[in-house]
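Respectively, the protein sequence lines represent chains C and V.
Using the working numbering, the letters of the first sequence correspond one by one to residues 1 to 499.
Using the working numbering, the letters of the second sequence correspond one by one to residues 1001 to 1138.
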Amino acid sequence: MKTDARSAAPRRLMDIVHAALFEEIPFNVAVIDRDYNIAAANSSFTDRFGDWQGKKCYEVYKKLHQPCDECPSVQVFETGKTIVADAVGIDQHGKPTHYVGHVAPLRLTEDGPVDYVLEMTRTVTGTRSWQQEYQILFDRVPCYITVIDKDYRIVRANEAFRHSFGDVLNRYCYEVYKRRKSKCPNCPAARTFRDSKVHNSNQVGTDRRGHDVHYQVTTSPLARTGDQVGHVIEISTDVTAVRKLERDVVEVERLAAVGQTVAGLAHSIKNILMGLEGGKYIVSLGLKKGDEEMVNEGWEMVERNFAKTTTLVKDFLSFSKGRLPQLQMVNPATLVNEIVDLYKDITARSGITLRSEIAEHVRRAPLDPDGIHTCLTNLVSNAIDACQMGEQKGSEVVIRVHEKGEKLVFEVADNGCGIDYEIKQKVFTTFFTTKGGEGTGLGLLTTRKIVQEHGGKIVLESEKGQGAHFRMEFPRKRLMTLWREGHGKQSSQTKQVRS
Amino acid sequence: MSVTVLIVDDEPDVARYLAVALRANGYTAVTADSVEHGLKEVHKARPDLICLDIMMPKQSGIAMYTQLKTDKTLRSIPVIFISGVGHEDPWDFRSFVSDESIPPPELFLEKPIDAELFVDSIEQLIASTRAHQERTDK
Chain C
1 MKTDARSAAP RRLMDIVHAA LFEEIPFNVA VIDRDYNIAA ANSSFTDRFG
51 DWQGKKCYEV YKKLHQPCDE CPSVQVFETG KTIVADAVGI DQHGKPTHYV
101 GHVAPLRLTE DGPVDYVLEM TRTVTGTRSW QQEYQILFDR VPCYITVIDK
151 DYRIVRANEA FRHSFGDVLN RYCYEVYKRR KSKCPNCPAA RTFRDSKVHN
201 SNQVGTDRRG HDVHYQVTTS PLARTGDQVG HVIEISTDVT AVRKLERDVV
251 EVERLAAVGQ TVAGLAHSIK NILMGLEGGK YIVSLGLKKG DEEMVNEGWE
301 MVERNFAKTT TLVKDFLSFS KGRLPQLQMV NPATLVNEIV DLYKDITARS
351 GITLRSEIAE HVRRAPLDPD GIHTCLTNLV SNAIDACQMG EQKGSEVVIR
401 VHEKGEKLVF EVADNGCGID YEIKQKVFTT FFTTKGGEGT GLGLLTTRKI
451 VQEHGGKIVL ESEKGQGAHF RMEFPRKRLM TLWREGHGKQ SSQTKQVRS
Chain V
1001 MSVTVLIVDD EPDVARYLAV ALRANGYTAV TADSVEHGLK EVHKARPDLI
1051 CLDIMMPKQS GIAMYTQLKT DKTLRSIPVI FISGVGHEDP WDFRSFVSDE
1101 SIPPPELFLE KPIDAELFVD SIEQLIASTR AHQERTDK
């Protein structure tokens, strides 16, 4: 009795459990007979699809009047095996509902035929729409996204990437991005596979049309915490247009400098012509008057201006030597110290203090040392002249170098006579000189040209009587672009020579 | 009555050339190599006309022109700007002097200058200035 009582109690308990499971399980559960009739369904199913009593499954699931073309239940009745099904039906409110689940056979006798099928499905409409949104985002986001496996094969690629690089699935990433036959050196994905960390890198690849593509790539691990990285996701931003724009800006500045230089040359020549015209006039007037002294005076004027022409032509030829800066990794402080050494005796003799201010942590930079030497020489020489023209005592010229944000900055400041507003406007635009008959006005133009060739700019701050302050600013990003391009050119030239 | 012309130019050859051309044509020419010197000569020589270079060290010709035109006693003296910057170049007086109360110069001559043309221009400018003064006096 005890045994019967003990065995009866569990049976009742299991019945209760089964009944509760049937009702409470967070799935839509329905039992279907061979004639598509719904024999039983739980509350989750009823809540989703509405009243089912006395109705066919296709009427309830899909609001149809005849069985579906590919009915999973029919398949289970035929095979007697459980299958996974995935379908879109219509809920009781008329809205499409996506459901996925198992369809299993139910037999009333152990070895008998399949009498019913048990459909246990889960509504995935929300998940499905999230997946669609994710897919749209993945495809339409304006950057390249690829997922690569440990063999560096691309297992997923978004639309933007496929558009630029073609059909890429299962191909090696180095083959697709760079048309290489082996892994790239300094591969950021390799680093991510190694250390499971995010890495960034600037790269140049080749698209399916053979055009260069500049991109900034971020590689991230695709793995749960603690797991080994099985895949790496590469997100790249195409910066080709930005790189082109950067080059164009430098080019436009170069061309503008050429235009202003030509106008400035004309201006300078006019002044010399005026001197020659004057000499010629005084010579003829002296000849007419029989005044030998006047003839001599006029002739000297002709000779002086002739000599000026020679100087101008020499300066101009030196100025017009169009060349790319010969960049070397140099310490900016060394360049400043060289200039101080060069001018310390001259300034000491003139009673001018020359000193340098070199900020701590000034980093090495790719610069043309000869070019920067010329710039600093021109600016310091001008500053010394300004101090000599000025009236105040205690004249001083300071050469500074420091980092300002992402810029390397050289400054030459003096407390000489200063430059007033009108002159400041002209100072970089013509062959303008404040040195009377002595200068050709090319120093500042040459300086500006060299600075622009480095992708930098030169700024003048000056007030009359307050001294002048020239600042040469070199964005480090631009210097690095020139440095990389210079190296690229050198290596392609080497290749040509070798081939 | 002799006409006195003040030439302010830091280029000694230019100043000498213009002075010789003026003297050869009966004018009295006074030269100055800077604005500072030029302003002293304005008060000393009381010129009938001033020829002014634009680009000069320390102070430019524009600075001197502004001082002349803002001084009640000097503003009536006609001024000729003489510069290597040509009319066809984007030389715009207002880009140098934005103050509209300061009038543009009477004449602008582009270097190099032919002596004959220079003297003719001076002659015409003096004549028209005198005619204007006579009309004003009446």
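For glycine and all other residues, C-beta sits at the position ideal for the given N, C-alpha and C.
It should be emphasised that the depicted structure is a prediction, and the values quoted were computed from it without experimental measurement.
N- and C-terminal bounds of the beta strand (DSSP E) containing residue i
i, result
"Pro105 (chain C)", "Pro96 to Leu106"
"Glu1036 (chain V)", "Looking at the DSSP string, Glu1036 (chain V) is not in any beta strand (DSSP E); the run it does join, the alpha helix (DSSP H), is Val1035 to Ala1045."
"Asp1120 (chain V)", "Unbroken run through Asp1120 (chain V) is the alpha helix (DSSP H), Ala1115 to Asp1137; no beta strand (DSSP E)."
"Arg471 (chain C)", "Ala468 to Pro475"
"Glu1110 (chain V)", "Leu1107 to Glu1110"
"Asp1071 (chain V)", "That residue, Asp1071 (chain V), is in no beta strand (DSSP E); it is neither H nor E in DSSP."
"Ile90 (chain C)", "Ile83 to Ile90"
"Val155 (chain C)", "Ile154 to Ala157"
Option in the options with minimal Cα separation from residue i
i, options, result
"Glu453 (chain C)", "C:Cys387, C:Gly416 and C:Leu367", "C:Leu367"
"Glu300 (chain C)", "C:Val362, C:Thr192, C:Glu78 and C:Leu276", "C:Leu276"
"Thr310 (chain C)", "C:Ile272, C:Leu222, C:Asn296 and C:Glu338", "C:Ile272"
"Val1003 (chain V)", "V:Ala1019, V:Thr1136, V:Asp1010 and V:Pro1104", "V:Ala1019"
"Asp207 (chain C)", "C:Arg179, C:Ala190 and C:Ala189", "C:Arg179"
"Ser129 (chain C)", "C:Met120, C:His65, C:Val88 and C:His163", "C:Val88"
"Leu245 (chain C)", "C:Pro113, C:Glu411 and C:His214", "C:His214"
"Phe1081 (chain V)", "V:Ser1098, V:Asp1099, V:Lys1072 and V:Leu1107", "V:Leu1107"
"Tyr1017 (chain V)", "C:Thr377, C:Gly94 and C:Ser284", "C:Ser284"
"Gly530 (chain C)", "C:Thr125, C:Lys457, C:Tyr144 and C:His102", "Lying outside 1 to 499, the shown extent of chain C, residue 530 (chain C) is not represented and no answer is given."
"Ile458 (chain C)", "C:Ala85, C:Gly394 and C:Cys375", "C:Cys375"
"Ser201 (chain C)", "C:Leu342, C:Phe138, C:Thr219 and C:Gly210", "C:Thr219"
"Gly222 (chain C)", "C:Val198, C:Val242 and C:Asp212", "According to the sequence shown, residue 222 (chain C) is Leu rather than Gly. The shortest Cα separation from Leu222 (chain C) among C:Val198, C:Val242 and C:Asp212 belongs to C:Val198."
"Asp1071 (chain V)", "V:Met1056, V:Ser1060 and V:Ser1101", "V:Ser1101"
"Pro1012 (chain V)", "V:Glu1041, V:Arg1094, V:Pro1104 and V:Asp1033", "V:Asp1033"
"Gly205 (chain C)", "C:Gly112, C:Leu317, C:Thr192 and C:Cys184", "C:Cys184"
"Pro325 (chain C)", "C:Glu485, C:His98, C:Asp111 and C:Tyr152", "C:Glu485"
"Val239 (chain C)", "C:Asp195, C:Glu119 and C:Arg247", "C:Arg247"
"Phe474 (chain C)", "C:Pro332, C:Asp414 and C:Arg48", "C:Pro332"
"Thr481 (chain C)", "C:Val114, C:Phe410 and C:Gln203", "C:Gln203"
"Val74 (chain C)", "C:Asp139, C:Tyr152 and C:Val117", "C:Val117"
"Gly455 (chain C)", "C:Ala468, C:Trp483 and C:Val262", "C:Trp483"
"Tyr36 (chain C)", "C:Val17, C:Ser196 and C:Tyr61", "C:Tyr61"
"Ala1021 (chain V)", "V:Ala1045, V:Asp1048 and V:Asp1114", "V:Asp1114"
"Ser395 (chain C)", "C:Ser350, C:Glu411 and C:Asn378", "C:Ser350"
"Thr334 (chain C)", "C:His373, C:Thr127 and C:Lys477", "C:His373"
Which residues DSSP lists as bridging residue i, in chain order
i, result
"Asn202 (chain C)", "C:Gln216"
"Thr1031 (chain V)", "V:Ile1007"
"His231 (chain C)", "C:Asp149 and C:Leu222"
"Asp139 (chain C)", "None, per the DSSP bridge assignment."
"His402 (chain C)", "C:Val409"
"Val451 (chain C)", "Paired residue(s): none; Val451 (chain C) is not in a bridge."
"Phe1093 (chain V)", "According to DSSP, which records beta bridges pairwise, Phe1093 (chain V) is partnered with nothing at all."
"Leu1018 (chain V)", "Answer by DSSP bridge pairing: none, since Leu1018 (chain V) is not bridged."
"Ile1050 (chain V)", "V:Leu1006 and V:Val1079"
"Arg208 (chain C)", "Looking at the DSSP assignment, Arg208 (chain C) forms no beta bridge with any residue, so it has no partner."
"Leu460 (chain C)", "C:Phe470"
"Glu396 (chain C)", "C:Thr353"
"Tyr144 (chain C)", "C:Ser236"
"Asp414 (chain C)", "C:Val397"
Anticipated Cβ contact below 8 Å, residue i with residue j, distance rounded
i, j, result
"Asn296 (chain C)", "Gly279 (chain C)", "Not really, about 11 Å apart at Cβ, beyond 8 Å."
"Ile516 (chain C)", "Ala189 (chain C)", "Within the shown structure, residues of chain C are numbered from 1 to 499, placing residue 516 (chain C) beyond reach of any answer."
"Val340 (chain C)", "Ile384 (chain C)", "The pair is not a contact, with the Cβ atoms about 12 Å apart (cut-off 8 Å)."
"Ile1054 (chain V)", "Ser1083 (chain V)", "4 Å"
"Met294 (chain C)", "Gly286 (chain C)", "3 Å"
"Pro72 (chain C)", "Ile90 (chain C)", "Wrong, their Cβ atoms sit about 17 Å apart, outside the cutoff."
"Thr237 (chain C)", "Cys173 (chain C)", "The Cβ separation is near 17 Å, so there is no contact."
"Glu403 (chain C)", "Val362 (chain C)", "6 Å"
"Ile358 (chain C)", "Val401 (chain C)", "5 Å"
"Ile38 (chain C)", "Cys57 (chain C)", "6 Å"
"Leu1052 (chain V)", "Val1079 (chain V)", "6 Å"
Any non-hydrogen atom of the ligand SAM within 6 Å of residue i CB
i, result
"Pro475 (chain C)", "Among the components modelled here there is no ligand, and therefore nothing to report on the ligand SAM."
Continuous alpha helix (DSSP H) stretch holding residue i: start and end
i, result
"Val176 (chain C)", "Cys173 to Lys178"
"Asp195 (chain C)", "Pro188 to Asp195"
"Ser182 (chain C)", "Run containing Ser182 (chain C): none; DSSP gives neither H nor E here."
Item to check | Within the segment 320-373 of chain C, ranges of the beta strand (DSSP E) (whole runs, at least 3 residues) | outcome: 328-330, 353-358 and 365-367
Checklist entry - Which runs of the alpha helix (DSSP H) spanning at least 4 residues fall entirely within the segment 103-132 of chain C, listed in chain order? => result If we require 4 residues or more, the segment 103-132 of chain C turns out to have no alpha helix (DSSP H) run fully inside it.
Item to check | alpha helix (DSSP H) runs contained entirely in the segment 8-77 of chain C, provided each spans 4 or more residues | outcome: 43-49 and 57-62
Checklist entry - Which runs of the beta strand (DSSP E) fall wholly inside the segment 235-317 of chain C and span at least 3 residues, in chain order? => result none
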